[in-house]
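> My questions all concern the structure below.
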DNA sequence: GTGCTTGTGTTAGAATATCTAACAAATGGA
DNA sequence: TCCATTTGTTAGATATTCTAACACAAGCAC
C-alpha cells in the first residue's frame, strides 16, 4: 500500500485529484454521468475549468478513473466479508453473506453500481479491461463455491458442454479453478445482478413487495440448485 | 390502429417526427444516449436545429418517446410469439420461445434494450410510468406461467410471504392473477434480465463461452424449479 | 380569390460544455 | 540564485440546448 516517497507536490496533486473525484461522484449521484462536468468541478473547487485538465486528461479519463475506483471498492467490500467469514463458516453462509454485501453496497450507492454494471457509456474503460476487474469481485464467490460439493453434470448435457467451454478458458487464467465451479459463479453473478439491477433502477417501484425478500428467496434457490 | 382523419399537415408532421426519431435511434446506436442531438438531427434532415423544437418539446421529450416506442416494440415482439404459440403448445415451450425472443430482440438492438433496462437517465420517463409498460412485456410470460401446475409454497416460508405480498398488489391490477404466478414471473424477469444485460453490456466478452448456451441452461433451471 | 389564423421555418443570442493554445506565476531543487 | 517544472490563468474554437423574435407559407372561412 505504501508508495514511493512522495514529495510535497505529489501530495498536493493527489489531494486535488481526490477532491475533484469526490465532487464528480456527487455530481454522478445527483444527475448521472451526464451531470459530471470538469468545468463545474473546477468552479466548485475555486479554480477555472481548464486548470483541471492538468489533473485529468479529459472528462472520459476522469470517469474511467471513477469506474476503476468503484470496481476496486466493491471488490474490497466482498474481500472484507470473505476474510471475516473464515474457512470454519459453512460455504452456504459465506455465499449468503457475500450476496448480501453486494446488494447493500449497490443500494447505498446506486449510481456507482450502475456505473459498473449499467449501460456502458462509450469512451470509457475498454471492455477488455473490465473483465479482470469484474473477476476480482467474483473471486470470493468462487472460493466459497469451491468449498461446496460439486455434483457432476450429465455427460453430453448442455451443462456439461458449458462447463467444458469454461474449463478451457479458466485453466489459462487460474489453474485451481474448474469448469463447474466457474459455471456456478457465473450463475450467481447473473442472477444477483438481475435482481440488484432492476431494484436499483427503480423497476420494482410501487409493485408492493419487499425486494429484500425476493433477493433472499433467490439466494435460497441458488443454494438449493 | 386507424386514427382520426389526418389532414395533409398532420401527415407531414408525423413523417418529420418519424424521420427525426429514426436518426435519433441511429445516433443512439452509434454513441449512446449522449450522442443524441437535436441540432445534429436537424442538420442531417436539412433544417436548422431550433426547427425541431416545433416537433419535440425538448431533447428529453424525444428520448422519452424513443423509450416508449422501444417498450411497445418489445411488447409487440413477445405478443407475436405468444399469439403464434397457441394454447395447444406446452407452456414450457411457450416460455422458452418467449425467453428466446427477448434475448434475440436485445441482441439485435442492444442500445434499445439498455434504454429500457439499463441505467435510467434522469429527466426521462418517470419510474411510475414505466411499470405498466414493463408489465405489458411480462404479460405473455404470466399467461404461460398460469398454464403451469402451481406447487404451493410451504406456509410461513419466505416464498409464501413474498407471494402473499404480491397477491395483494396484483389483485388490484389484474383480478385473474395470483401471487405464485406473479412471483414466478418476477423470477423469470430478473434472471433473464441479468443474463441479457451482462451479455449486451459486453461483460462476457473474451470469457470463452457461448452466452446462448448459458442462457439455455438457465431457462432449463427456470423450467425445472 | 381575399384575408386571417395557424403552422413551420429562419436567424440571433444566452448559457454551458469540452478542450487547446499561449502566457503568467509560483514552487522546488541544483 | 537561477532555472526547470508544475500549476494556474485567459482567450478562443466548437459544440450543445433552448428561447425569442421574426418571416413566410399553407389551410380555411367568407
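Protein chains in written order, with this note's numbering: chain P, 1 to 225; chain Z, 1001 to 1225.
Virtual Cβ for every residue (Gly too), placed ideally from N, Cα, C.
Small disclaimer: the values here were computed from a predicted structure and weren't measured.
#1: Taking contact to mean at least 3 C-beta pairs separated by less than 8 Å, is the segment 1196-1205 of chain Z in contact with the segment 116-134 of chain P?
#2: Quick one: any contact between the segment 133-140 of chain P and the segment 69-82 of chain P, if contact means 3 or more CB pairs under 8 Å?
#3: Please classify residue 1124/Z: does DSSP put it in a helix, a strand, or coil?
#4: Going by C-alpha distance, which of 1091/Z, 1035/Z, 1060/Z and 1079/Z is nearest residue 1146/Z?
#5: On a Cα-Cα basis, can you pick out the residue from 183/P, 155/P, 156/P and 157/P that is closest to residue 168/P?
#6: Just to check my reading of the structure: residue 188/P and residue 222/P have Cβ atoms closer than 8 Å, yes? What is that Cβ distance to the nearest angstrom?
#7: CA-CA distance, residue 58/P and residue 21/P?
#8: When you compare each of 1011/Z, 1048/Z, 1066/Z and 1014/Z to residue 1024/Z by their alpha carbons, which one comes out closest?
#9: Determine the direct distance from the alpha carbon of residue 1048/Z to that of residue 19/P, and round the result to whole angstroms.
#10: Determine the DSSP secondary structure at residue 1165/Z, reduced to helix, strand or coil.
#11: Just the C-alpha distance for residue 64/P and residue 53/P, rounded to the nearest angstrom, thanks.
#12: Given residue 1071/Z, which residues of its chain have a CB within under 8 Å of its CB, disregarding the five upstream and five downstream residues?
#13: Would you kindly work out how many angstroms separate the C-alpha atoms of residue 216/P and residue 149/P, rounded to a whole number?
#14: Express the C-alpha separation of residue 1181/Z and residue 1172/Z in angstroms, rounding to a whole number.
#15: Taking buried to mean at least 16 other C-beta atoms within 10 Å of its own C-beta, is residue 1046/Z buried or exposed?
#16: Scan the segment 146-164 of chain P for residues whose Cβ lies nearer than 7 Å to a Cβ of chain Z and list them as they occur along the chain.
#17: For a contact meaning CB atoms closer than 8 Å, what does residue 1131/Z contact in chain P?
#18: Pick out the complete alpha helix (DSSP H) segments inside the segment 167-213 of chain P, 4 residues or longer, and give them in chain order.
#19: Does DSSP put residue 87/P in a helix, a strand or coil?
#20: Three-state secondary structure (DSSP) at residue 153/P?
#21: Mind listing the chain P neighbours of residue 1220/Z? Cutoff is C-beta to C-beta under 7 Å, in chain order.
#22: Using the beta-carbon count (16 or more within 10 Å), is residue 1012/Z buried or exposed?
#23: Count the other CB atoms within 10 Å of the CB of residue 87/P; is the residue buried (16 or more) or exposed (fewer)?
#24: Count the other CB atoms within 10 Å of the CB of residue 1197/Z; is the residue buried (16 or more) or exposed (fewer)?
#25: Report the neighbours of residue 1217/Z on chain P: residues whose CB is nearer than 7 Å to its CB, in chain order.
#26: If the criterion is Cβ atoms closer than 8 Å, does the pair residue 1194/Z and residue 190/P meet it?
#27: In the structure shown, what three-state DSSP assignment does residue 29/P receive?
#28: Using only alpha-carbon positions, find the residue among 1044/Z, 1029/Z and 1170/Z that is nearest to residue 1108/Z.
#29: Candidates 1161/Z, 1099/Z, 1164/Z and 1069/Z: which alpha carbon is nearest residue 1139/Z's?
#30: Could you tell me whether the Cβ atoms of residue 27/P and residue 1210/Z are closer together than 8 Å?
By the coordinates alone:
#1: yes
#2: yes
#3: coil
#4: Of the candidates 1091/Z, 1035/Z, 1060/Z and 1079/Z, the one whose C-alpha sits nearest the C-alpha of residue 1146/Z is 1091/Z.
#5: 183/P
#6: 6 Å
#7: 13 Å
#8: 1066/Z
#9: In this structure, the alpha-carbon of residue 19/P lies about 41 Å from that of residue 1048/Z.
#10: helix
#11: 15 Å
#12: 1116, 1130, 1133, 1134, 1136 and 1137
#13: Their backbone Cα atoms lie some 22 Å apart in a straight line.
#14: 15 Å
#15: exposed
#16: 158, 159, 161 and 162
#17: The contacting residues are 203, 205, 206 and 207.
#18: Those alpha helix (DSSP H) runs which fall completely within the segment 167-213 of chain P and span 4+ residues are 179-200.
#19: coil
#20: coil
#21: What residue 1220/Z touches in chain P: 158.
#22: Around the beta carbon of residue 1012/Z, fewer than 16 other beta carbons sit within 10 angstroms, so the residue counts as exposed.
#23: Exposed: under 16 other Cβ atoms inside 10 Å.
#24: buried
#25: What residue 1217/Z touches in chain P: 158, 159 and 162.
#26: yes
#27: It is helical.
#28: 1029/Z
#29: 1099/Z
#30: Residue 1210/Z sits away from residue 27/P, with the two beta carbons spaced by 8 Å or more.
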